[in-house]
Amino acid sequence: MEVEKLAQTFVSLADTLVDDFDVFDLLHMLTSRCREVLGAAATGLLLADSEGRLHVTVASSESARLLDLFQLQNDEGPCLECFRTGEPVRAGLPDAAVTRWPAFAPAAVSEGFTTVLALPLRLRGEVIGALNVFGDGDNESIQEEDIPVAQCLADAATIAILQDRLAHDRNVLTDQLQFALNSRVAIEQAKGALASRLDIGTGEAFDLLRARSRQTRRRLVDVAAEVVNAGVATGWDSLTEPAKTPERRQDT
Amino acid sequence: MLPQGWSTLIALLDGHPDADPMTRVQRLCDLCVQVSGATGATLAISSGDLRSTVCATDPVSDRLEELQLTFSEGPAVTAVKDGWSVLVPDLADGSDTRWPLFAPAAVEQGARAYFTFPVQVGAIRLGVLSLYRAVSGMVGPERIRDIRVLADAAAVLLTVGTGVQAAEAFVWALDDRSRFRAEVHQAVGATTVQLGVTAGQAFALLCAHAFATGTPIAGVAADIMAKRLTLQSS
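These protein sequences, in sequence, are chains A and B. Positions 135 to 386 (our numbering) are the ones given, in order, by the first sequence. Positions 99 to 332 (our numbering) are the ones given, in order, by the second sequence.
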């Protein structure tokens, strides 16, 4: 575990929360930092919708296979267990988990993962989602003692979501969750549209969306909506040669 | 509270196998009133700045929708614009100055509380589901959950209803849990570019193709993203 990176993460977080911030950018930063701090292979954050279904909201990598792996946990897997019990779930793959998660565990193993950890996103006794961490080293690559650190990052994500809600002067948390989930859908739609228009992968399409969001200082979800609703209109093709992106402190 | 599960909801909306889309929209609005304890409900479709009422359970609901069209302001206008639900527990509360024209006019019509939920799938803004109550007060979280389920059903209903007439296609799309996968949304985006259609139309075409070929929606989406399939516009 890298203490310095963890400290930096919380400094960035404090720095970001005072501003009018993009909750997606922040959650993206948190999942990426969580991956670095724990030396994990991949991390993702899932939020529950009004029906209690879990949806991937951000992931440390936009690879479709990874996103699918997270999404599988809508039916079974550590995130779902963690979401239902409100307790951390840590398991070695495949030995401990194949009988427990017959669909999820083999899929995770085939992606090269050996350990999985799921932490609840808790708010006043209610579980609103889960943070998922995959390790790919030996079976002990994610230790029991990493759990409190990861839980801190999960709590920070909850604060970020709440803070965004306050910034928008909203009444109910479910509204905030619904907005985050719907925004994720818009981002996926925009990734598909850009990938098809520019003949690139969806991961690369996401990078372009992020670059445009930063260049224009607009929220990722607003840029995504513009892409989807622009139809056949042009203007995005210039993105194949993106202008230099100004670096932002929390993501360096 | 609504019974859990889509199949029950579908059964409620789909009392007759040959029910037309309009009948289903009416059932949905009636159900919305039942589960929420509201006095009335409306479902309106939106396209850009334009909105038109598809269904209203009573004349007051219809009038509230009309007022917002006339004034170009109101909770439903805000909900459509921002993609947020807007909950107004007391329209007569003078400290809320967001709708200076609509609020007093609505109170005059007999509405005290107004709750409005965008009907949307990602960037596809389809419309808005609105409820009013004759007495003031906030609606409880359980009831909000139920209304969201119905708004989600309305999204599929409006999409499939406009693109595909077959009732079975609607049931198919609503019952297919794979429609929540990331790839499905990506395929919707890709189809808008390939066919030059709106995202709503693309989603409808995807549902229709899945139904016609008996494939899960995620399977059709995977084929589109892997360039093994391009949908044909109808």
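For each residue, glycine too, the CB sits at the ideal point set by N, CA and C. Everything numeric in this text was worked out from a predicted model, so none of it was measured.
Please report the straight-line C-alpha distance between residue i and residue j, rounded to a whole angstrom.
{"i": "residue 252 of chain B", "j": "residue 138 of chain A", "result": "49 Å"}
{"i": "residue 133 of chain B", "j": "residue 239 of chain B", "result": "12 Å"}
{"i": "residue 161 of chain B", "j": "residue 177 of chain B", "result": "18 Å"}
{"i": "residue 174 of chain A", "j": "residue 247 of chain A", "result": "10 Å"}
{"i": "residue 328 of chain B", "j": "residue 236 of chain B", "result": "47 Å"}
{"i": "residue 206 of chain B", "j": "residue 143 of chain B", "result": "25 Å"}
{"i": "residue 228 of chain B", "j": "residue 298 of chain B", "result": "21 Å"}
{"i": "residue 296 of chain B", "j": "residue 271 of chain A", "result": "45 Å"}
{"i": "residue 269 of chain A", "j": "residue 177 of chain A", "result": "9 Å"}
{"i": "residue 321 of chain B", "j": "residue 225 of chain A", "result": "33 Å"}
{"i": "residue 260 of chain A", "j": "residue 221 of chain A", "result": "12 Å"}
{"i": "residue 353 of chain A", "j": "residue 293 of chain A", "result": "19 Å"}
{"i": "residue 302 of chain A", "j": "residue 250 of chain B", "result": "Only weak support exists for where residue 302 of chain A lies, its pLDDT of 44 falling under 50; the coordinates are left without a value."}
{"i": "residue 193 of chain B", "j": "residue 318 of chain A", "result": "34 Å"}
{"i": "residue 155 of chain B", "j": "residue 164 of chain B", "result": "14 Å"}
{"i": "residue 313 of chain A", "j": "residue 182 of chain B", "result": "7 Å"}
{"i": "residue 323 of chain B", "j": "residue 316 of chain B", "result": "10 Å"}
{"i": "residue 254 of chain A", "j": "residue 211 of chain A", "result": "13 Å"}
{"i": "residue 167 of chain B", "j": "residue 175 of chain B", "result": "8 Å"}
{"i": "residue 152 of chain B", "j": "residue 130 of chain B", "result": "15 Å"}
{"i": "residue 143 of chain A", "j": "residue 159 of chain A", "result": "13 Å"}
{"i": "residue 256 of chain B", "j": "residue 313 of chain B", "result": "21 Å"}
{"i": "residue 273 of chain B", "j": "residue 145 of chain A", "result": "45 Å"}
{"i": "residue 213 of chain B", "j": "residue 159 of chain B", "result": "12 Å"}
{"i": "residue 248 of chain B", "j": "residue 214 of chain A", "result": "24 Å"}
{"i": "residue 359 of chain A", "j": "residue 307 of chain B", "result": "25 Å"}
{"i": "residue 277 of chain B", "j": "residue 271 of chain B", "result": "7 Å"}
Assuming residue i is part of the beta strand (DSSP E), what are its boundary residues?
{"i": "residue 224 of chain A", "result": "223-226"}
{"i": "residue 186 of chain B", "result": "184-186"}
{"i": "residue 222 of chain B", "result": "222-231"}
{"i": "residue 178 of chain A", "result": "176-182"}
{"i": "residue 256 of chain A", "result": "249-257"}
{"i": "residue 237 of chain B", "result": "Here residue 237 of chain B belongs to no beta strand (DSSP E), and DSSP marks it neither H nor E."}
{"i": "residue 191 of chain A", "result": "188-193"}
For the alpha helix (DSSP H) containing residue i, list its first residue and its last residue.
{"i": "residue 260 of chain A", "result": "Unbroken run through residue 260 of chain A is the beta strand (DSSP E), 260-269; no alpha helix (DSSP H)."}
{"i": "residue 219 of chain A", "result": "212-219"}
{"i": "residue 335 of chain A", "result": "Run containing residue 335 of chain A: none; DSSP gives neither H nor E here."}
{"i": "residue 170 of chain A", "result": "157-172"}
{"i": "residue 241 of chain A", "result": "238-244"}
{"i": "residue 136 of chain B", "result": "Here residue 136 of chain B belongs to no alpha helix (DSSP H), and DSSP marks it neither H nor E."}
{"i": "residue 308 of chain B", "result": "297-311"}
{"i": "residue 324 of chain B", "result": "Counting along the chain, residue 324 of chain B falls outside any alpha helix (DSSP H), and DSSP gives it neither H nor E."}
{"i": "residue 293 of chain B", "result": "280-293"}
{"i": "residue 356 of chain A", "result": "354-363"}
Which chain B residues sit within Cβ distance under 7 Å of residue i?
{"i": "residue 190 of chain A", "result": "280"}
{"i": "residue 331 of chain A", "result": "291"}
{"i": "residue 320 of chain A", "result": "220 and 221"}
{"i": "residue 184 of chain A", "result": "243, 246 and 247"}
{"i": "residue 358 of chain A", "result": "221"}
{"i": "residue 187 of chain A", "result": "278"}
{"i": "residue 261 of chain A", "result": "Neighbours of residue 261 of chain A on chain B: none; closest Cβ ~15 Å, over 7 Å."}
{"i": "residue 243 of chain A", "result": "Simply none; closest approach about 21 Å."}
Counting only Cβ pairs nearer than 7 Å, list the residues of chain A close to residue i.
{"i": "residue 286 of chain B", "result": "323 and 326"}
{"i": "residue 283 of chain B", "result": "319, 322, 323 and 326"}
{"i": "residue 190 of chain B", "result": "Within 7 Å Cβ-Cβ: nothing; residue 190 of chain B doesn't reach chain A, min ~18 Å."}
Whose Cβ in chain B lies nearer than 9 Å to the Cβ of residue i?
{"i": "residue 265 of chain A", "result": "The contacting residues do not exist; residue 265 of chain A stays about 18 Å from chain B at best."}
{"i": "residue 201 of chain A", "result": "279, 280 and 281"}
Using a C-beta to C-beta distance shorter than 8 Å, which residues of chain B count as neighbours of residue i?
{"i": "residue 312 of chain A", "result": "183 and 246"}
{"i": "residue 157 of chain A", "result": "Near residue 157 of chain A there are no residues of chain B at all, since even the closest Cβ is about 13 Å away, more than 8 Å."}
{"i": "residue 336 of chain A", "result": "284 and 323"}
{"i": "residue 137 of chain A", "result": "None at all; the shortest Cβ gap to chain B is about 34 Å."}
{"i": "residue 171 of chain A", "result": "None at all; the shortest Cβ gap to chain B is about 26 Å."}
Which bits of chain A does residue i rub up against, with CB to CB less than 8 Å?
{"i": "residue 271 of chain B", "result": "Simply none; closest approach about 15 Å."}
Check the Cβ of residue i against every Cβ in chain A and list those closer than 9 Å, keeping chain order.
{"i": "residue 232 of chain B", "result": "Per Cβ cutoff of 9 Å: no residues; residue 232 of chain B is ~21 Å from chain A at best."}
Is there a Cβ from chain D that is less than 8 Å from the Cβ of residue i?
{"i": "residue 313 of chain B", "result": "No chain D appears in the structure shown, which is made up of the protein chains A and B."}
> Do the region 259-266 of chain A and the region 235-244 of chain A meet, that is, are 3 or more Cβ pairs less than 8 Å apart?
Replying inline: no
>> Using a Cβ distance threshold of 8 Å, determine whether the region 285-292 of chain B contacts the region 318-333 of chain A, with at least three qualifying pairs required.
In response: yes
>> Is it the case that the region 185-192 of chain A contacts the region 157-171 of chain A, given that we only count it when at least three CB pairs across the two stretches are under 8 Å?
In response: yes
> In the region 155-212 of chain B, which residue ranges form an unbroken beta strand (DSSP E) of at least 3 residues, counting only runs that do not cross its ends?
Replying inline: 184-186
> Is there contact here, the region 181-193 of chain B with the region 285-295 of chain A, by at least three beta-carbon pairs under 8 Å?
Replying inline: no
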